[in-house]
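As given, the protein sequences belong to chains A and B, one line each in that order. Residues 77 to 424 in this note's numbering are what the first sequence spells out, letter by letter. Residues 4 to 180 in this note's numbering are what the second sequence spells out, letter by letter. Have a look at the structure below, then the notes.
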Amino acid sequence: MKGNEALAEAAIRCGCKCFFGYPITPQTELSAYMAKRMEKSGGVFLQAESEIAAINMVLGAASTGVRAMTSSSSPGVSLKAEGISYMAGSDLPAVIINVQRGGPGLGSIQPAQSDYFQATKAMGHGDFHIMVYAPCSVQEMVDTVTLAFDKADQYRTPVMILADGLLGQMMEPVTFPEPKTDLPDKSDWAACGHENKREHHIINSLFLDAPLLEAKVLERFERYKAIEENETDAEVYMCDGAELVITAYGASARVAKSAVTKARNEGIKVGLFRPKTLWPFPVNELKEATKDAKNILDVEMSMGQMIYDVKLATECKIPTTFFGRTGGVIPTPAEVYDEIKKITGGAK
Amino acid sequence: MTTEIILAGFGGQGILFTGKILAYCGLMAGKELSWLPSYGPEMRGGTANCSVCISDDPIGSPLVANPDILIAMNGPSFNKFIDAVKPGGLVLADSSIVDEDCKRDDITYIAMPATNIASENDMNGSANMILMGRMLVESDLFDMDTVRKAMEKCIPPKRANLIDVNMKAVEIGASSK
């Protein structure tokens with residue numbers, strides 16, 4: 077199954093009842109799958125008139141307590157930024173999928189990872205974070221969708237899955253979880269009808285009283301603290317005794333893994349650290365994985381964005397270099413392997 | 004052991020479908036596999052290609068840079084990928100369409116007029132399956148039972164008549180050696 081289709085099927089299985097989207101390559105198969113299957117599974121599929129409309133429909137649906145999702149690719153996600161900020165400000169859970177392509181602007185339609193800054197640092201205006209997951213296989217995309225909906229509900233926050241055109245377009249074997257039936261009860265905050273039996277719930281991100289807004293934001297940051305403490309995740313591959321640790325996520329981590337395996341077979345002490353959560357960034361996990369490292373090589377399909385989080389996490393104590401391709405060009409394992417050799421000087 | 008395959012040709016020749024059959028063969032044989040298409044404007048009547056990896060171990064990069072096996076179904080695809088094939092690799096070209104000569108002597112090169120063979124057998128559009136059949140015999144990658152199982156999995160029931168048509172083309176290719 078294609079990555080895009082797997083994301084859609086997984087969402088339906090974990091109780092997503094509303095999907096609002098707008099077509100854009102390389103994400104379109106996700107919307108197409110939803111168009112075909114959502115109605116049959118008792119949900120709503122709607123192709124909105126624009127990305128902005130779609131994200132605001134998600135905001136509305138999430139307000140009623142149902143699981144809602146939208147998906148797009150880089151330029152489309154920029155358009156959704158305002159709505160995501162509003163959702164964060166209204167404490168609304170939802171899942172947003174970005175199947176990244178080359179940028180800036182309309183860019184290219186080929187796979188890229190140049191939206192890391194946007195996803196992890198500036199997914200809209202205001203004081204907020206969203207959780208960002210970075211799967212690296214079709215199976216992991218399925219698992220991540222389930223996790224993303226659960227965490228969105230648990231922390232009442234928008235959650236993003238940051239994929240890319242390669243993961244969206246590729247086909248791999250995949251198994252799905254059984255459809256979820258025990259969805260969380262949101263009747264304590266959702267606008268789901270009160271029949272005059274209780275006070276109405278207000279979903280709102282506008283607070284004209286500054287101290288009140290400050291209190292809201294502070295409460296939200298308490299939740300962010302809990303997320304940072306509990307939700308970081310990373311794959312650590314062959315980092316034991318590694319003198320060089322490569323940091324990479326998503327598709328570029330797969331490329332890097334091929335290079336690491338080849339280099340290890342030749343006796344080069346190199347490992348791979350792959351964050352599965354980009355926000356919160358797995359700081360402690362990276363510190364642990366790089367405790368023997370003399371060098372770090374950050375590999376991305378961008379001009380270098382995650383590298384700043386890598387340097388922050390290691391407090392710049394380990395020399396960190398960068399290798400990347402951008403604009404939709406995918407690095408090859410051979411290129412990464414050459415970088416490994418350049419840094420380590422080959423096997424000793 | 005990993006086998007990396009590139010299939011390339013015009014959009015409409017069944018390049019992506021052939022790759023999908025090979026990927027499903029991997030699934031049926033209990034291997035790790037990945038299938039990655041080229042996508043974008045080049046697919047509208049232009050060139051199409053896809054990367055297929057079949058492996059005993061989890062697959063790293065699904066994008067094949069240096070294939071063990073190349074099936075080229077038009078000239079531009081042949082020129083684009085011929086130099087990338089690993090030494091010792093296997094290259095099959097549809098010589099009904101590909102005019103280029105192979106200048107490499109470190110690979111196994113098979114030029115077969117698959118499109119002509121297909122029309123002679125009244126199977127227009129099956130050149131892809133004929134080439135795949137020959138490739139499977141040359142590489143010993145999958146047996147015919149596995150290919151049939153893959154097709155049964157891949158082709159929807161309402162078009163089940165295509166399974167026998169495709170299998171016949173695969174067997175014509177396989178027996179051409």
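We treat Cβ as the ideally placed atom computed from N, Cα and C, and that holds for glycine. This one's a predicted model, so the numbers in the text were calculated from it and none came from an experiment.
Report yes if the CB atom of Q176 (chain A) is closer than 8 Å to the CB atom of G241 (chain A), and no otherwise. yes
Closer than 8 Å by C-beta to I166 (chain B): which residues in its own chain qualify, once you throw out the five before and the five after it? Chain order, please. R151, M154, E155 and I158
Per-residue contacts from I406 (chain A) into chain B (C-beta, under 7 Å): L66
Please list the partners that T430 (chain A) has in chain B, where partner means a Cβ-to-Cβ separation under 8 Å. The structure shown does not extend to residue 430 (chain A), since chain A is modelled only from 77 through 424, so no value can be given for it.
Taking only three categories from DSSP, how would you classify P351 (chain A)? When secondary structure is reduced to three states using DSSP, P351 (chain A) falls in the strand class.
Check the DSSP bridge columns for F193 (chain A) and list the partner residues they point to. F193 (chain A) pairs with nothing; no bridge assigned.
Tell me, please, which residues DSSP counts as bridged to E364 (chain A). Its beta-bridge partners do not exist; DSSP assigns none.
Measure the C-alpha to C-alpha separation of E174 (chain B) and L144 (chain B) and round it to an integer number of angstroms. 15 Å
For P151 (chain A), decide whether its Cβ has a neighbour in chain B, counting only Cβ atoms nearer than 8 Å. no
Between the region 102 to 114 of chain A and chain B, which residues of the former have CB atoms less than 9 Å from a CB of the latter, in chain order? P102
Could you please give the first and the last residue of the uninterrupted alpha helix (DSSP H) stretch that includes P287 (chain A)? First-last of the alpha helix (DSSP H) with P287 (chain A): A286 to N306.
Whose CA, out of B:A68, B:P90, B:G17 and B:I8, lies closest to the CA of N127 (chain B)? Closest by alpha carbon: B:G17.
Contacting positions in the region 96 to 116 of chain B - beta carbon closer than 7 Å to chain A: none
Please identify the residue among B:L134, B:T111, B:I62 and B:G43 whose C-alpha is closest to the C-alpha of S37 (chain B). B:I62
Per DSSP, the bridge partner or partners of D60 (chain B): According to DSSP, D60 (chain B) bridges with nothing at all.
Three-way DSSP call (helix, strand, coil) for N52 (chain B) in this model: Shown here, N52 (chain B) sits in a strand according to DSSP, grouped into three states.
Let me make sure I understand the geometry here. Which of A:T397, A:Q189, A:P234 and A:A124 has the alpha-carbon closest to that of R299 (chain A)? A:P234
By the three-class DSSP mapping on this structure, what secondary structure does V208 (chain A) have? strand
For a quick check, are the C-beta atoms of F417 (chain A) and T390 (chain A) less than 8 Å apart? Here residue 417 (chain A) turns out to be Lys, not Phe, going by the sequence shown. Taking 8 Å as the Cβ cut-off, K417 (chain A) and T390 (chain A) do not qualify as a contacting pair.
Against chain B, which members of the region 325 to 354 of chain A pass a CB distance test of less than 7 Å? R330, V331, K333, S334 and T337
Could you check whether K256 (chain A) and C90 (chain A) sit closer than 8 Å to each other, using their CB atoms as the reference points? Yes. Within cutoff.
If you follow the beta strand (DSSP E) that S148 (chain A) is part of, which residue opens it and which one closes it? R143 to S148
Reducing DSSP to helix, strand and coil, say where L30 (chain B) ends up. helix
Can you give me, in chain order, the residues of the region 27 to 46 of chain B that have a beta carbon less than 7 Å from any beta carbon in chain A? L30, L36, S37, W38, L39, P40, Y42 and G43
Would you tell me roughly how many angstroms separate the C-alpha atoms of V336 (chain A) and L348 (chain A), rounded to the nearest one? Across the structure, V336 (chain A) and L348 (chain A) are spaced so that their CA atoms are roughly 7 Å apart.
Among B:I74, B:A117, B:S129 and B:T111, whose alpha-carbon lies nearest the alpha-carbon of G91 (chain B)? If we check each option's Cα against that of G91 (chain B), B:T111 comes out closest.
Kindly indicate if chain B contains any beta-carbon less than 8 Å away from that of L284 (chain A). no
First and last residue of the beta strand (DSSP E) that includes A11 (chain B)? Note, A11 (chain B): beta strand (DSSP E), T5 to F13.
Taking CB distances under 8 Å as the criterion, tell me whether A67 (chain A) reaches chain B. Chain A is shown from 77 up to 424; residue 67 (chain A) falls before or after that span and cannot be answered.
Exposure of D4 (chain B), with buried meaning 16 or more beta-carbon neighbours within 10 Å: Residue 4 (chain B) is actually Met in this sequence, not Asp. When all chains shown are included, M4 (chain B) counts as exposed.
Can you check whether the C-beta of G63 (chain B) is within less than 8 Å of a C-beta belonging to chain A? yes
Distance, A172 (chain B) Cα to A96 (chain B) Cα: 16 Å
If you follow the alpha helix (DSSP H) that Y109 (chain A) is in, where does it begin and where does it stop? T104 to R113
Which residue marks the beginning of the alpha helix (DSSP H) containing E174 (chain B), and which one marks its end? N164 to A177
Using 8 Å as the cut-off, can you tell me whether the region 222 to 233 of chain A makes contact with the region 155 to 171 of chain A, which would need three or more C-beta pairs spanning the two stretches below that distance? yes
Just to check my reading of the structure: E319 (chain A) and K370 (chain A) have Cβ atoms closer than 8 Å, yes? What is that Cβ distance to the nearest angstrom? 5 Å
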